[in-house]
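S.K.:
Below you can see the structure in the form of structure tokens.
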């Protein structure tokens, strides 16, 4: 209708100029200081004359221009008297614009607005809903206590209005009235209770906002309306959705039992991995204890899931925090993709989302690991975004991806943004403390940065090195000496103070350098920063106590300088130190303990994330962003031990009751259920299926985006052929359901529903849940053999499953040729990152590097299963050091099985596999029987993902299953490589800095010959020998089995009996472990 229109058309011609004149005159009337536009006063007079005109067209034109001024942020308050006269105009268009104006200025001009109060009261009865709503808005904007009774009456009447738009405005007015007069709370709660029962989606968001403002603790008002709000949620306007979701999150935390008890043991794959089998069984038993999610709890989780696709970032963030705070941990992973999508928004949205991801990633790394590359820093990012991304990358760092991250950090350090470069160096320090395998690598990289031209980078490196050296000071005397030399060039006070502190703490390890440093500092004492002066005093005191012969006079000189310093902190410290270390008759009992006080063992600093303690604030709130409790913040309550009575949410209304009856009577409602059937099946499935789904989802997350068109075409063709076969059987199902019992008919219906949802997978459901559709189709082929065992399954479908499995095996063989030149090295990461990180290869001569035959194959076997544990079945294994026939990313393992009993052992096979994420195993074919005292050797292939993690699995016979595991030595994760000395040096030159790990070792005398060194090295690691033109340098080369990354080993013999062992590789973790294993072998005889 025309009355609903709020469009304002400005006149062409001189309209713009007129507005400028009005703006100028309003500014003059407000301040009285500007006289520049005094000649334009007549223009404002013209506007007033137009408002007093008898012609509606002139009034309408004037009102449009005035509202246009307000929209542009200009002041039009001086026109209030002229505008308010038109409040009783019979023209609806004029009246609407007058109300728009009055809502804006009624609070400022309360006296004039009160004169028209009778007109507003009459307008509350107007037949036009927009006029009624506008009148209520104006009335509630006049903030005068005297009209509170009138407002209260108007709100009560409006809450019963036939128009949902008017009822919505009544809900808005409740908050205004409550802030004006809190004593009206009880009466307003009655109105809120009435409006909460409203079925209109227009009203829902506004009334919940009023509820949150007036009586957020009255949970009892929500009980009867809970299910209605959950079902209306998808159709409510966006900002209403945000308010309702936050309110329902608080409600769920008070009314339902914690869903986290069921999967506490599955919180982290890594924790699960290191547990013993008995502990895992205990946890499995705990999970078997019946935890059934309340249907109302499930309803909320299910109905908010579609909102993750919302275009409004606030809605997505609200759903994310709801899933984080109230959903089972195994289901919370679906929010990660939606949050990563928000990182394409404006920088303000990015900032809030990244803050929340930073908090989440501390507790549950696995959620965001598949999207690691989304957190790489871009050159266009502002500093605040860069810093948050660094924080998240640090939280997600683990042994598998640290090599890639360190290469990223090396680039970031060179950034022109100095604050960001400094933050990167701190991040490297945190990674070094969190992942011990790369501590030495990071330390070496930071020492290299000390020669950087940029002073800020050098200073930050010094500070971080100081923290790292506190963890293991005895091993790094050379680094301390190197830093002492930097005192002449570094001018940043914090860095100078850190160096002096380090020298003071380790003064006994550098007895020659420390006194000289003190001498230099004494010269420049008066010109130093206060922070440095305090550390000079400390250094002097420590040297006085440990080396008084050389430094006694020097320390006294520094104490005399400090005694007369301008800073009182330094003067106080000087007096304190003098009394403590220089004994005299006045000295107290503390003097004898001076050495213990100054040279006490200091605890290493704990480098923690600044987001570690933010999780006690609700995600997405202002309090979480500021990390302090903001005004109006309501804390989430802890889960109740016992759930309150769920019957309080039961409603007697027939329509709502139908939805919750378990019997399948309401056939008309089936189309509505079909929308959620897919998500219900996902979420009601067992923990294991949801875990596998999330893994496959994460694994195919990034690659799926690139190869989407091919995959989707294959999947769609398969789903079409499958759906046709199901359609043929539909008629049979319907006929059979008549003759069977009720339970069978319900089963038939659910199967039909499943087939319908699979038919429509390319329709609505795929657009809603794009991310999960691919993973479901993949996991479907694996789980189908378990799920579908009924007679209704046709032969065509079974044949198609077999073909699909065969194709997938062929694909694996196609992509994994056995013996080929080294491909571009890719890090041992989750499969979603492989495609993204292929371009990070530093090697350019891969075409001339080939896998060679092993130099030496140690035949020493390891016990896989002892005959006592295996009830007579014994198993041993060894690594054959040959390329695996099952795939070029797998390590070949030979397993020898022995029957030590006097009876036949039947059906020896591999049972359940408990492998870490990403690890794969190709098992041997089942052995039908093993004769008494018989023996057989079988081959297996295991993809260890370039890590020394244990592959745990069950070795089963006909009667028993035994838990066994294989843990590879780091040297067996390599394949030997043949290359020339020239190529070796070229590759080594590309793998420096953080990719290089070295150590000086003292060789045993008998280990000084080439043949012995060769034998020792190849015994530990499967490496190839590189020809060397120098007698004192021995070179070895290999590549990692999984990723093909080069591993270059150099043993350089020095004078005396020392040698330097250098390992260059992108896989810094493996390099560090290999260095640790080679050092003792070469050192001992």
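Numbering (this note's numbering), first residue to last: 34 to 1118. Yeah, the Cβ is synthetic: ideal placement off N, Cα and C, and Gly gets one too.
#1: Alpha carbon to alpha carbon, what distance is there between residue 1046 and residue 891?
#2: Which residues mark the beginning and the end of the beta strand (DSSP E) in which residue 896 is found?
#3: So, residue 523 versus residue 543, is the Cβ gap smaller than 8 angstroms?
#4: Where do the N-terminal and C-terminal ends of the alpha helix (DSSP H) with residue 540 fall, by residue?
#5: Please state if the CB of residue 224 and the CB of residue 231 are separated by a distance shorter than 8 angstroms.
#6: Counting along the chain, where does the beta strand (DSSP E) carrying residue 986 start and finish?
#7: Could you give the first and the last residue of the continuous beta strand (DSSP E) run that contains residue 232?
#8: For residue 915, which residues from the same chain have a beta carbon less than 6 angstroms from its beta carbon, with the 5 sequence-adjacent residues on both sides left out?
#9: Within 10 angstroms of the Cβ of residue 348, are there 16 or more other Cβ atoms? Answer buried if so, exposed if not.
#10: Per DSSP, which one or two residues make a beta bridge with residue 994?
#11: Using beta-carbon positions only, say whether residue 1010 and residue 1106 come within less than 8 angstroms of one another.
#12: Where do the ends of the beta strand (DSSP E) carrying residue 1070 lie?
#13: At the level of alpha carbons, what is the spacing between residue 919 and residue 932?
#14: Going by C-alpha to C-alpha distance, which of 178, 107, 106 and 118 sits closest to residue 140?
#15: Whose C-beta lies closer than 6 angstroms to the C-beta of residue 1034 among residues of the same chain, with five residues either side of it excluded?
#16: In angstroms with no decimal places, state the Cα-to-Cα distance between residue 171 and residue 109.
#17: According to DSSP, is residue 157 helix, strand or coil?
#18: Let me make sure I understand the geometry here. Which of 286, 646, 1082 and 597 has the alpha-carbon closest to that of residue 250?
#19: Do residue 562 and residue 602 have their beta-carbon atoms positioned less than 8 angstroms apart in this structure?
#20: What is the DSSP secondary structure of residue 974, counted as helix, strand or coil?
#21: What are the start and end residues of the beta strand (DSSP E) that includes residue 914?
#22: For residue 103 versus residue 137, is the C-beta distance shorter than 8 angstroms?
#23: Report the rounded CA-to-CA distance for residue 326 versus residue 133, giving the unit in angstroms.
#24: Using the three-state DSSP reduction, which class does residue 1110 fall into: helix, strand or coil?
#25: For a minimum of 3 consecutive residues, which ranges assigned as the beta strand (DSSP E) are wholly contained in the stretch 585-660?
#26: What are the start and end residues of the beta strand (DSSP E) that includes residue 940?
#27: Could you work out which residue in 1063, 438, 399 and 557 is closest to residue 363 when comparing CA atoms only?
#28: Look at the Cβ atom of residue 204, then the Cβ atom of residue 236, and state whether they are nearer than 8 angstroms.
#29: Could you tell me which whole beta strand (DSSP E) segments of length 3 or greater appear in the stretch 1019-1074?
#30: Using 8 angstroms for Cβ pairs, my map puts residue 1097 next to residue 1081. What's the rounded Cβ distance?
#31: The alpha helix (DSSP H) spanning residue 1082 covers which residue range?
#32: Three or more C-beta pairs under 8 angstroms: does that hold for the stretch 159-169 against the stretch 120-133?
#33: According to DSSP, residue 955 sits in a beta bridge with which residue or residues?
#34: Could you have a look at residue 392 and say whether DSSP puts it in helix, strand or coil?
#35: Can you tell me the Cα-Cα spacing of residue 556 and residue 606, whole angstroms?
#36: Helix, strand or coil for residue 345? Go by DSSP, reduced to three states.
M.R.: According to the structure shown:
#1: 16 angstroms
#2: 895-898
#3: no
#4: Per DSSP, residue 540 belongs to no alpha helix (DSSP H) and is neither H nor E.
#5: no
#6: 984-989
#7: That residue, residue 232, is in no beta strand (DSSP E); it is neither H nor E in DSSP.
#8: 925
#9: buried
#10: 989
#11: no
#12: 1066-1073
#13: 27 angstroms
#14: 178
#15: 1092, 1094, 1112, 1115 and 1116
#16: 17 angstroms
#17: coil
#18: 286
#19: no
#20: strand
#21: 906-916
#22: yes
#23: 49 angstroms
#24: helix
#25: none
#26: 938-947
#27: 399
#28: yes
#29: 1029-1035, 1057-1059 and 1066-1073
#30: 4 angstroms
#31: Per DSSP, residue 1082 belongs to no alpha helix (DSSP H); it is in the beta strand (DSSP E), 1079-1086.
#32: yes
#33: 974
#34: helix
#35: 19 angstroms
#36: coil
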